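Residue numbers (my numbering): 22 to 416.
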Amino acid sequence: MAVADSFPALVVGAGPAGLAAAACLKQRGVEAVVLEAAPALGDAWRHHYDRLRLHTVKEHSHLPGMPFAEELSRYPSRAEMVAYLEAYAAHFGIAPRTNEAVRAVRPAQAAQSGQGGDDGFVVESTRGVHHARAVVLATGLNRVPNPEQLPDQNRFGGLLLHSAGYRNGDPFTGRRVLVVGAGNSGAEIALDLAERGARPTLAVRTPINVVPREFLGMPTQVTSIRVRNLPIAVGDRIGRVVSRLAFGNLARYGLARSELGPLSAIKLRRRVPIIDVGTIAAIKRREIAVKPGVERLSETGAVFADGSATSYDAVILATGFRPALAEIVAIPGVLDGDGYPRDWQGGGVCPNLFFVGYHQPATGLLRQIGLDAEAVAAAIAPNVRPGSARGERAP
């Protein structure tokens with residue numbers, strides 16, 4: 022297959038991570054080409070549910086080189102985030118090649134030593150084949166919905182959709198809706214449904230951690246940043262104390278506490294705690310019912326792990342997403358057993374292959390994207406632009 026063109030650096034994905042990587046590269050004198058599968062940049066943000074706001078404060082959530090506007094609220098909305106990404110791309114002169122999905126990334130020449138990427142990469146897209154000295158994968162943690170299905174899912178006669186297809190609760194007013202999955206999306210969709218007159222039930226299969234978005238006026242993200250260098254056990258204890266003071270004993274409401282503290286759950290299981298924006302209060306007011314995990318669906322509703330059964334008009338699967346990187350990068354040693362990058366730089370086997378946006382710490386994903394984008398640009402620039410100084414990894 023003939024290579025159509027060649028670039029010093031190629032970025033896959035035009036969401037926050039891809040735009041940040043391209044901007045940081047440009048600031049170091051490297052013009053990167055950005056390929057985006059969707060018709061426009063920031064596609065995931067364009068299709069999130071309407072009421073979504075950042076769970077992290079704007080002061081620690083902007084991308085490198087451009088803060089959020091002062092007039093925006095502390096937690097920008099979904100629409101404001103889309104506008105910010107558009108303004109960010111315009112500010113740095115980034116024009117992604119949209120409607121160009123990447124099908125495969127592979128080393129241009131596999132070295133006999135087992136090291137890959139020394140001769141750059143061949144990137145196959147829906148529009149051609151490209152060569153790049155360095156490649157940055159930035160397609161995000163939520164590239165595709167999880168394919169997980171509930172037992173007897175096909176028997177259900179009502180409306181069934183994944184949370185990726187949910188926009189707002191208006192079509193569900195007065196209807197009984199089961200939300201399956203108690204992550205942040207599930208908890209917030211259940212709240213949105215309650216606020217718009219639906220009768221939601223939240224099915225919670227496993228014990229969880231819940232933290233307030235703010236406690237005593239202090240954003241939880243800011244607290245996490247301040248304690249990030251403490252032992253993880255200390256951070257877990259702080260998180261548990263704050264949760265108990267903010268919410269009381271949630272087990273009384275069907276929300277059992279995870280055996281792992283909030284920081285340990287992120288590190289060991291990639292499970293981010295629920296950052297509460299009102300769901301817990303709605304549960305306490307009995308506006309949202311809580312049920313255990315779904316054992317199976319029926320024609321008219323669901324049977325739960327405790328043996329109870331309830332009828333529903335609709336089921337929303339808030340069962341999460343996955344990066345699905347193995348569909349793009351089939352290079353041994355780069356991804357771990359769960360399909361996530363082993364590290365930010367090719368897992369030790371592809372030093373010119375980089376990843377931005379796949380590490381979600383308690384200090385905030387967007388904040389981490391900024392740090393990683395700076396580090397990636399510092400590592401790429403010396404290899405593709407003669408005379409520049411080698412940068413170091415950001416903390």
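Where is the CB? At the ideal position from N, CA and C, for every residue including glycine. Since we're looking at a predicted model, the values are computed, not measured.
Here the alpha carbon of leucine 374 sits roughly 8 angstroms from the alpha carbon of leucine 158. Annotated as distal: aspartate 297 and valine 198, with beta-carbon spacing of 8 angstroms or more. Following the DSSP letters along the chain, one finds histidine 183 inside the beta strand (DSSP E) bounded by residues 180-183.
The shortest CA-to-CA distance from glutamate 280 to any of Arg261, Val32, Ala303 and Ala351 is the one to Arg261.
At a cut-off of 3 residues, the continuous stretches assigned as beta strand (DSSP E) that sit fully inside the stretch 167-231 are 180-183, 197-201 and 220-225. Secondary structure note for lysine 312: its beta strand (DSSP E) is the uninterrupted segment 310-313.
For histidine 152, there is no enclosing alpha helix (DSSP H); the enclosing beta strand (DSSP E) covers residues 149-158.
Inclusion of arginine 220 and arginine 196 in the CB contact set at 8 angstroms is warranted, their separation being smaller than that value. Serine 98 and proline 85 have their alpha carbons spaced roughly 19 angstroms apart. For valine 144, no alpha helix (DSSP H) encloses it; the enclosing beta strand (DSSP E) starts and ends at 142-146. Listed as beta-bridge partners of aspartate 297 by DSSP are Pro233.
In the DSSP assignment, threonine 340 falls outside any alpha helix (DSSP H), carrying neither H nor E. The stretch 105-115 makes contact with the stretch 50-65; the number of CB pairs closer than 8 angstroms reaches 3 or more. Phenylalanine 142 places its beta carbon 8 angstroms or farther from that of valine 123.
By the criterion of a C-beta distance shorter than 8 angstroms, valine 144 is surrounded in its chain by Leu31, Val33, Leu56, Val123, Ala125, Val126, Val150, His151, His152, Ala153 and Val156, once the five residues flanking it on both sides are discounted. DSSP, reduced to helix, strand and coil, places glutamate 316 within a strand of the structure shown.
Shown here, phenylalanine 268 sits in a helix according to DSSP, grouped into three states. By the neighbour-count criterion, in which 16 or more other beta carbons inside 10 Å mark a residue as buried, serine 332 falls on the exposed side. The shortest CA-to-CA distance from glycine 161 to any of Leu181, Leu212, Ile337 and Leu62 is the one to Leu62. CA-CA distance, arginine 292 to leucine 106, rounds to 26 angstroms.
Along the length of the stretch 98-124, whole beta strand (DSSP E) runs at least 3 residues long do not occur. A contact is defined here as three or more CB-CB pairs under 8 angstroms, and the stretch 365-383 meets this definition with respect to the stretch 392-401. Counting the other Cβ atoms within 10 Å of the Cβ of alanine 339 gives 16 or more, which makes it buried.
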